[in-house]
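Student:
In our numbering, the protein residues as written are 17 to 307.
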């Protein structure tokens with residue numbers, strides 16, 4: 017990457033100050049890059065560098081992630097995150113945007129695109145559709161009350177859990193390497209530098225809020241989620257890694273709920289396929305966005 021990076025900005029959503037970076041080129045069409053869970057906006061830097069000359073690239077930090085504020089009451093419901101995304105688009109002032117989203121970011125933005133199909137020109141979703149039909153059926157076997165009791169127990173546990181501390185940034189970097197063996201040393205160091213902050217005692221911790229792990233039971237049922245996907249009118253590109261833990265939407269039935277979608281599966285790639293197969297990813301996304 018060259019030395020010229022993005023500028024940092026913030027906006028207010030539901031009384032939280034949320035952070036995003038802007039890669040310049042404001043006269044170009046807007047492209048929003050939304051990261052996933054336990055990640056941060058600077059994980060898109062390699063992608064942004066490749067796309068910034070043709071697009072006005074904006075990369076936000078989700079609430080409780082990166083340099084965005086933590087929710088005081090630990091509110092990380094999907095509905096709150098969807099509102100935050102809608103507020104970002106409103107703040108930017110664009111009538112229509114293009115979106116690339118990963119994992120949890122895809123789970124959030126796929127709902128936004130279904131709610132406001134006229135506001136999205138094209139949509140790329142990287143392993144970010146959330147629950148499969150099998151997952152939702154399994155959930156339906158337990159009552160909402162049981163799921164709520166489980167959530168309350170988990171919240172109490174989170175209240176007593178302290179962020180993990182690493183004695184040095186190097187130690188945090190090694191943990192990053194363990195989490196994704198496909199990462200190069202350069203990628204892992206970059207993600208660690210931007211994903212960790214220093215504590216008062218000199219140790220390092222990841223920037224995300226531990227309360228992220230205690231999201232309440234989904235506020236939408238499976239059929240309602242599928243109806244949102246069916247309402248999407250723009251072209252959709254679904255990207256999956258062959259070595260990922262996430263099941264393929266072509267095999268589990270989720271792809272059938274999109275009117276205009278195609279799927280590309282990357283060999284030798286895991287859940288973060290835009291890191292693992294950057295050149296192939298950029299070639300496919302560029303062709304899709306230009307079509």
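Ideal placement from N, C-alpha and C gives every residue a C-beta, glycine not left out.
Keep in mind it's a predicted model, so treat the numbers as computed, not measured.
What beta strand (DSSP E) runs, 3 residues minimum, are completely inside the region 52-76?
Tutor: You should have 72-76.
Student: Does DSSP put residue 212 in a helix, in a strand, or in coil?
Tutor: Note: residue 212 maps to strand in three-state DSSP.
Student: Is residue 222 helix, strand or coil when you go by DSSP?
Tutor: In this structure, residue 222 counts as strand in the three-state DSSP scheme.
Student: Measure the C-alpha to C-alpha separation of residue 18 and residue 236 and round it to an integer number of angstroms.
Tutor: The pLDDT assigned to residue 18 is 46, lower than 50, so where the model puts this residue is not dependable, and the model offers no usable value.
Student: If you draw a straight line from the C-alpha of residue 172 to the C-alpha of residue 95, how long is it?
Tutor: One C-alpha to the other measures close to 22 angstroms.
Student: Would residue 268 pass as a contact of residue 125 if the rule is Cβ separation under 8 angstroms?
Tutor: Result no, Cβ atoms of residue 268 and residue 125 do not sit closer than 8 angstroms.
Student: Using alpha carbons as the reference points, say which of 39, 163, 157 lies closest to residue 21.
Tutor: When each option's Cα is compared against that of residue 21, the closest is 39.
Student: Please specify which runs of the beta strand (DSSP E), each continuous and at least 3 residues long, are wholly inside the region 120-188, giving them in chain order.
Tutor: Whole beta strand (DSSP E) segments, 3+ residues: 136-142.
Student: Quick one: residues in its chain with C-beta nearer than 7 angstroms to the C-beta of residue 204, no 5 flanking neighbours on either side, listed in chain order?
Tutor: Excluding residues within five positions, the ones whose Cβ falls inside 7 angstroms are 189, 192, 193.
Student: Express the C-alpha separation of residue 34 and residue 241 in angstroms, rounding to a whole number.
Tutor: Taking the straight line joining both Cα atoms gives about 26 angstroms.
Student: Indicate whether the contact test is met: 3 or more Cβ pairs, each with one atom in the region 117-134 and one in the region 45-58, closer than 8 angstroms.
Tutor: The region 117-134 is in contact with the region 45-58.
Student: Taking the alpha carbon of residue 309 as the reference point, which residue from 255, 187, 111, 227 has its own alpha carbon closest?
Tutor: Shown here, the chain extends from 17 to 307; a query on residue 309 therefore has no answer.
Student: Check residue 18 in the structure and name its three-state DSSP category.
Tutor: Note that residue 18 has pLDDT 46, beneath the 50 cutoff, so the model's placement of it is unreliable and no number is given.
Student: Can you tell me whether residue 24 is buried or exposed, with buried defined as 16 or more other CB within 10 angstroms of its CB?
Tutor: Residue 24 comes out exposed.
Student: Once you ignore the five residues that flank residue 174 on each side, which residues in its own chain have a CB closer than 6 angstroms to its CB?
Tutor: The residues are 226, 227, 230.
Student: Would residue 184 be called buried (16 or more neighbouring beta carbons within 10 Å of its own) or exposed?
Tutor: Classification of residue 184: exposed, given that the 10 Å Cβ count is below 16.
Student: How far does the alpha helix (DSSP H) with residue 86 in it extend, from its first residue to its last?
Tutor: Segment: none, residue 86 is in no alpha helix (DSSP H) and carries neither H nor E.
Student: Do the region 248-266 and the region 138-147 make contact, defined as three or more Cβ pairs closer than 8 angstroms?
Tutor: Result yes; three or more Cβ-Cβ pairs closer than 8 angstroms.
Student: Find the nearest neighbour of residue 276 within the set 130, 71, 206, judged by alpha-carbon distance.
Tutor: Of the candidates 130, 71, 206, the one whose C-alpha sits nearest the C-alpha of residue 276 is 130.
Student: With residue 277 as the anchor, note down where its beta strand (DSSP E) starts and where it stops.
Tutor: Per DSSP, residue 277 belongs to the beta strand (DSSP E) from 277-282.
Student: Using beta-carbon positions only, say whether residue 219 and residue 177 come within less than 8 angstroms of one another.
Tutor: Cβ distance not < 8 angstroms, so residue 219 and residue 177 don't count as in contact.
Student: Using the Cβ count rule (16 or more neighbours within 10 Å means buried), how would you classify residue 261?
Tutor: That one is exposed.
Student: What's the gap between the Cα of residue 99 and the Cα of residue 81?
Tutor: When rounded, the distance between both Cα atoms is 16 angstroms.
Student: Roughly how many whole angstroms lie between the Cα atoms of residue 90 and residue 232?
Tutor: Roughly 10 angstroms separates the two Cα atoms.
Student: For residue 31, which of 160, 85, 61, 64 has the nearest alpha-carbon?
Tutor: Of the candidates 160, 85, 61, 64, the one whose C-alpha sits nearest the C-alpha of residue 31 is 85.
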